[in-house]
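Enquirer: First, the structure itself, so that you have it in front of you.
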Amino acid sequence: MSALVLIADGDQKRAQRIAEACRASGLGCHVTSHGAAALEAALAELPAVLVVQLDLPLIDGVKLAAILRANPRTQPTRLLFVSERAEAAARRDLPGPLIAAPVDPDAVASAVRALILERDGGPAAAKAAGVENGVEGDLAQISLADLLELFHVSRETGIFEVTRELEQGRKAQGQVALRGGDVVGARIDAAQGEKALYRLLAWDKGAFVFRAGPVHEPASIQRPTRALLREGKRQVEEWGRLSVELPPPSGHVTLRIQRSALPNVIHPLTQEVLVILELYARVQDVVDHCSYPDYQVLRTLHTLIRRGMVELRRGPDPATAPPAETRLFAPARIARLREWMEASRPRGAPPRDAKLLVVASDAGATRDFVRMLGRLPGVAIDERFTTGSYSVDDLTSLGRITVDEGLGIELVHTPIGERFAPLWPMAGHGALGALFLLAGPASRAVESVRGALTALRRMPRARIFSLLLLEKGERVVPEEVRENLALLDQGSLFLIPLESNEKSGSLLREMLQRVLP
């Protein structure tokens, strides 16, 4: 931008800082210290923007603005007021936006850039002309940070919608909500709040539209807007500088050390990343599922990789990678299972599958479970259970879940009759846990498996998982869970709707992830 900015400010140190920030954006600047000099310079040089102190000496800012707006030659000059008085922010009678104390030079420079685009007929000109559908434009012309700064200064309320073209015709869409100029919310995909805002601030291309109107949603962002924009700018700059070193989105990461070797005191961000690594291996998945901003997550992964705690493998482009739906278990989980199996296997013994007991309240629960589980990849159900030719009194293999090459989970059908009580501890020895399938009224289902449940809970390091199978329209209220399922670990209780294949499949996947150590 080769435009002139006139800065009229009795505080010369502040004026110089504003001038430096503007010059860093390629703007020419002229600094004056009182109203008379500013008027003379404005008439002679016709600046694109006048940054004027509200309480400017000799001729104050409001009077100077009135003189310039009355002169046809200086009418195109945009006005931006600054004040060292915080209470001035409440003023609504000024012919231009105002930045009250504390006056941030970078914020002033951002507002100046946006005002120049407005003067030159850019996207903000639509707003000045009263375009009914809002303000539209291209992020290649003006950054989202500059737009938010301008709308913050002018105290706008409404929604920014931003769209970006991706490969193969796909689009990414996000929103930023403003209330009285303050950023109060943001979202893109599953990310919300500050995480979503920082992701959107990193976009250097795309389209935007601002639609003015009331914002009713609760605020998910509490931090002051200028602090957000400063932090967003810092992250974008550091990200650009370190992009070559940071792990790529298509890469895969796995923990290289045992969790027992981790330090006792870990930063919350690092701790969250390590937990997510148990569920996801692709870098982009780790970034998406972590609550912290993307750049901070990538920096944490980079640090863990550099210290040898996490291994990075370069993977295929996300567009060509197999979909997550074809994989039941993340590589990190598989590695943990292999480690657990190795530690529990007697020395010299051959590798074997893990074991999971399946205990059903009735034959119908087994039938529904087999039907749902058989839809998942890598699951092989014994033919006897698909045809119903098994006996409920059989202690036998129900099927096998393939975890990885040479590694699986054997599902062991376990009878519930009291005469089989001596078998329960034997069957549960060395198992990953016991999965209880409950159908019908909760109290009756729990009563039918009470003996096996009580016995297996007493075993060392017992792990109990429960599936409550719900018929169409059947609902379970929390009070019923508390009253009738007192024996169950509610943290490992899954309510599975039988009429929804998609939802039941998703919940089964989540349950199986938890089954692994």
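Going left to right, the sequence shown walks through residues 302 to 818 as the working numbering numbers them.
Glycine included, each C-beta is placed from N, C-alpha and C at the ideal position.
1. Measuring alpha carbon to alpha carbon, tell me which of 373, 527, 614 and 484 ends up nearest residue 410.
2. Report the three-state DSSP secondary structure of residue 413 (helix, strand or coil).
3. Quick one: what does DSSP say residue 472 is sitting in, helix, strand or coil?
4. Can you have a look at residue 729 and say buried or exposed, based on whether 16 or more other CB atoms are within 10 angstroms of its CB?
5. When you compare the CB positions of residue 459 and residue 537, do they come within less than 9 Å of one another, or not?
6. Would you mind giving the Cβ-Cβ distance between residue 569 and residue 496, rounded to the nearest angstrom? I have them listed as a contact below 8 Å.
7. Can the beta-carbon of residue 739 be found less than 9 Å from the beta-carbon of residue 633?
8. Are the Cβ atoms of residue 487 and residue 444 separated by less than 9 Å?
9. What are the residues that DSSP puts in a beta bridge with residue 730?
10. Which residues bound the alpha helix (DSSP H) around residue 749?
11. Who are the near neighbours of residue 606 in its chain, counting only those whose CB is closer than 6 Å to its CB and skipping five residues on each side?
12. By the DSSP assignment, the alpha helix (DSSP H) with residue 384 in it spans what residues?
13. Counting along the chain, where does the beta strand (DSSP E) carrying residue 709 start and finish?
14. What does the Cβ neighbour count give for residue 333, buried or exposed, with the cut at 16 atoms within 10 Å?
15. For residue 756, I'd like the list of residues in its chain whose CB is within less than 7 Å of its CB, leaving aside the five on either flank, ordered along the chain.
16. Spatial neighbours of residue 712 within its chain, please: CB distance less than 6 Å, with the 5 preceding and 5 following residues excluded, ordered by chain position.
17. Of the residues 690, 680 and 716, which one's Cα is nearest the Cα of residue 709?
18. How should residue 695 be labelled, buried or exposed, when 16 other C-beta atoms within 10 angstroms of its C-beta is the threshold for buried?
19. Given residue 358, which residues of its chain have a CB within under 8 Å of its CB, disregarding the five upstream and five downstream residues?
20. DSSP puts residue 569 in a beta bridge; with which residues?
21. Between residue 404 and the rest of its own chain, which residues show a CB-CB distance below 6 Å, the 5 nearest in sequence each way excluded?
22. How about the segment 375–394 and the segment 347–365: do they share at least three Cβ pairs that are nearer than 8 Å?
23. Within the continuous beta strand (DSSP E) that includes residue 508, where are the two ends?
24. Which class does residue 375 belong to by DSSP, given the choice of helix, strand or coil?
25. Check for me: the alpha helix (DSSP H) holding residue 543 runs from which residue to which?
26. Determine the direct distance from the alpha carbon of residue 549 to that of residue 585, and round the result to whole angstroms.
27. Measuring CB to CB, does residue 697 end up less than 9 Å from residue 683?
28. Quick one: what does DSSP say residue 496 is sitting in, helix, strand or coil?
29. So what's residue 439 in DSSP terms, helix, strand or just coil?
30. Between the Cα of residue 611 and the Cα atoms of 589, 502, 576 and 742, which residue gives the shortest distance?
31. Tell me, which residues are paired with residue 464 by DSSP?
32. Return yes when the Cβ of residue 415 is within less than 9 Å of the Cβ of residue 447, no when it is not.
33. Is the CB-CB distance between residue 731 and residue 645 below 9 Å?
34. Where do the N-terminal and C-terminal ends of the beta strand (DSSP E) with residue 645 fall, by residue?
35. Do you know how far the Cα of residue 519 is from the Cα of residue 368?
36. For residue 327, does the three-state DSSP call read helix, strand or coil?
Expert: Here's the rundown:
1. Considering only 373, 527, 614 and 484, the residue with the shortest C-alpha distance to residue 410 is 527.
2. helix
3. Three-state result, residue 472: strand.
4. buried
5. no
6. Actually they do not touch by this definition, with Cβ atoms about 14 Å apart.
7. no
8. no
9. DSSP output for residue 730 lists no bridge partner at all.
10. 743–758
11. 613
12. According to the DSSP assignment, residue 384 belongs to no alpha helix (DSSP H) but to the beta strand (DSSP E) extending over 379–384.
13. 708–714
14. buried
15. Taking C-beta separations shorter than 7 Å and ignoring five residues to either side along the sequence, the partners of residue 756 in its chain run 722, 725 and 726, following chain order.
16. 657, 659, 699 and 700
17. 680
18. exposed
19. Correct list, in chain order: 311, 334, 335 and 336.
20. According to DSSP, which records beta bridges pairwise, residue 569 is partnered with nothing at all.
21. 383
22. By the Cβ rule, the segment 375–394 counts as touching the segment 347–365, because three or more pairs are nearer than 8 Å.
23. 508–513
24. Here DSSP, grouped into helix, strand and coil, assigns residue 375 to coil.
25. First-last of the alpha helix (DSSP H) with residue 543: 526–543.
26. 8 Å
27. yes
28. helix
29. Strand, per DSSP.
30. 576
31. 474 and 508
32. One thing to note: residue 447 has its Cβ within 9 Å of the Cβ of residue 415.
33. yes
34. From DSSP, residue 645 is part of no beta strand (DSSP E) but of the alpha helix (DSSP H) over 632–645.
35. 43 Å
36. coil
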